[in-house]
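Heads up: the structure comes next, in structure tokens.
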Amino acid sequence: MDSYKLLITGGIPLVGETYVSGGKNTSVAVIAATLLSDEPCVLENLPDIEDVHVLIDILAGLGAKVEYQPEERRLAVDPRGVNSCKVPYHQTQRMRASYYMLGALLGRFGQAEVGYPGGCSIGARPVDQHLKAFRAMGAEIRERGAKISAKGKMTGCSVVFDRITVGGTINAMLAAAKAEGNSVLYNAAREPHVVDLANFLNSMGCRVKGAGTDTIRITGQKKLHGSVYTVIPDQIETGTLMIAAAATRGDVVIRGCIPTHMESLTAKLLEMGVAVSDMDDAIRVRTVRGHRAVNIKTQEYPGFPTDLQQPMSAMLTRAGGDSVVIETIFESRFKHLMEMRRMGAQVQILDQTAIIQGVPELYGAPVTATDLRAGAALVIAGLMANGVTEIYEPSFIERGYEHIEEKLRALGANIRREPLEEM
Ligand code: EPU
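Below is the structure:
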């Protein structure tokens, strides 16, 4: 349990300029990919967040030499000293992306023993498609206790994913990067971080083609050389800031983002009556009139991202009219709305559908963050509400948002920490 809570006094429009940090979900993939290199690598623009810290600890535990400068957002990894293929459960259960150690270690050594991944509790989150890809490339897999062991020389092959999976696609790319021969991944995920990983692998001398489409072709290389690589800005942080600006009826310019990654959200905000304008690497969001209700169905990229469903549905609780939100990716991603009922939100939830009846006002109440994006959604709820909202378990938010409190304060938000009283 966290030793502090967040207090937000809502009702203040966010105004000003802010910036986007490096992508969480891209950073965790490229950090894992440094293990495949035969020379030192340098990663730049990494966000200073908990998930990045955990992965760096895992690399160090395997014997890699790591030099991390959080203020510079820079990580140097020399993977030549890696002398273990085992990542224990106490490390892997701290985050989801620890499962990339399987693909990276299999790719480098042809063997791996990795504890089951942790991460946000938003659904069952099986890894069958990851294991299917490893098996197709020649791995023998054993699942026992809380760990997965995989062994075998990686050989290029075709994999047709039964469903689109970001983690499965990335893990298969990691395993294929040094495999003998060509691999083709069909029904692959098209998210920006899949493309970023492909660009990083190519910068090390790998040959990855087609990332960003549903068919990715990888020609494995015996050796991969070192690289200095800058990760892309965080698509979900950009979207969260856009929604926070709109939800508070503010006027915010978000710098350092990639507007083309935001098209599905931008389209929905425009449909709601929010003014959104794109500049080269910046987006301005402002509210000029009341918000209309809209319907949302989450989909894989380039559809509406599940990671923005939670912040967006928080905002819809105050739109004019009824919104229907269908969550197609994860089974359990409406916990923030249940918490928000305490703040006056009118919501009915039926399996993976939420029907939100917009109300004119939310009021502050104590609520609990149950996962990263639920935490972000509750911050947005608090910014919109009249009075003081107390958010418990706020450390979930730090796992994925760099310095979010400082960024929001700089835009005028009244958000602060308070230690929990002793019981
Ligand atoms: N799935 C399977 N079998 C598999 C893999 C996935 O059935 O082997 C299912 C999942 O249960 C889910 C769907 O396929 O229903 C999609 O899952 P996916 O594999 O795409 O998700 P993930 O790789 O576990 C990543 C992000 C999530 C993000 C999803 C979807 C990372 C570390 N995590 O998860 O990010 O929601 O893709 O875009 O990249 C977050 O940042 O808050 C977060 C949860």
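For the sequence shown, this note's numbering begins at 4 and goes up steadily by one. Backbone N, C-alpha and C fix where the C-beta goes; we use that ideal spot for every residue, glycine too. Since this is a predicted model, take the numbers as computed values, not measurements.
Return the first residue and the last residue of the alpha helix (DSSP H) that residue i is part of.
| i | result |
| --- | --- |
| I286 | Per DSSP, I286 belongs to no alpha helix (DSSP H); it is in the beta strand (DSSP E), A285 to T290. |
| A384 | L375 to M387 |
| T29 | K27 to A36 |
| Q302 | Looking at the DSSP string, Q302 is not in any alpha helix (DSSP H), and its letter there is neither H nor E. |
| E172 | The sequence as given places Thr at residue 172; Glu does not occur at that position. Residues V169 to A179. |
| Q94 | Y92 to T95 |
| V467 | There is simply no residue 467 to check, as the chain begins at 4 and stops at 426 in what is shown. |
| V57 | E53 to L65 |
| T243 | Q238 to A250 |
Which residues mark the beginning and the end of the beta strand (DSSP E) in which residue i is found?
| i | result |
| --- | --- |
| I1 | Residue 1 is absent from the structure shown; the chain starts at 4 and stops at 426. |
| V211 | R210 to K212 |
| Y7 | Y7 to T12 |
| A192 | Run containing A192: none; DSSP gives neither H nor E here. |
| K135 | Here K135 belongs to no beta strand (DSSP E); instead the alpha helix (DSSP H) covers D131 to A139. |
| G469 | Not covered by the structure: residue 469. The range shown for the chain is 4 to 426. |
| I394 | V391 to Y395 |
| K68 | K68 to Q72 |
Hey, out of the options, whose CA is closest to residue i's CA?
| i | options | result |
| --- | --- | --- |
| K89 | E70, R111 and E75 | R111 |
| V234 | V23, L9 and D5 | V23 |
| R345 | N202, E364, I332 and K226 | E364 |
| A348 | Q355, D354, H339 and V255 | H339 |
| V55 | Q238, R77 and M245 | R77 |
| Y404 | I358, E342, N389 and D310 | D310 |
| M275 | L414, S316 and D284 | S316 |
| N298 | T216, G26, R292 and A270 | A270 |
| G13 | L423, L414 and E424 | L414 |
| V69 | L46, D51 and I52 | L46 |
| I52 | E303, L319, A63 and D237 | D237 |
| A377 | E342, L386 and M176 | E342 |
| G223 | L411, R412 and S40 | S40 |
| M98 | F399, R412, H406 and L65 | F399 |
Hey, residue i and residue j: beta-carbon distance below 8 Å or not?
| i | j | result |
| --- | --- | --- |
| G383 | P305 | Just to set this straight, residue 383 is Ile in the shown sequence, not Gly. Contact: no. |
| E421 | D5 | no |
| Q114 | D165 | no |
| C123 | D374 | yes |
| A153 | L200 | no |
| I221 | A180 | yes |
| I144 | A32 | no |
| Y71 | I61 | no |
| A178 | F137 | yes |
| L268 | G293 | no |
| V437 | A372 | Within the shown structure, residues of the chain are numbered from 4 to 426, placing residue 437 beyond reach of any answer. |
| M176 | V211 | yes |
| M318 | I286 | no |
Less than 7 Å between the CB of residue i and some heavy atom of ligand 2, yes or no?
| i | result |
| --- | --- |
| T356 | Of the ligands one can find in the structure shown, namely ligand 1, none is ligand 2. |
What are the residues that DSSP puts in a beta bridge with residue i?
| i | result |
| --- | --- |
| G323 | R295 |
| Q351 | I358 |
| K154 | Q114 and E143 |
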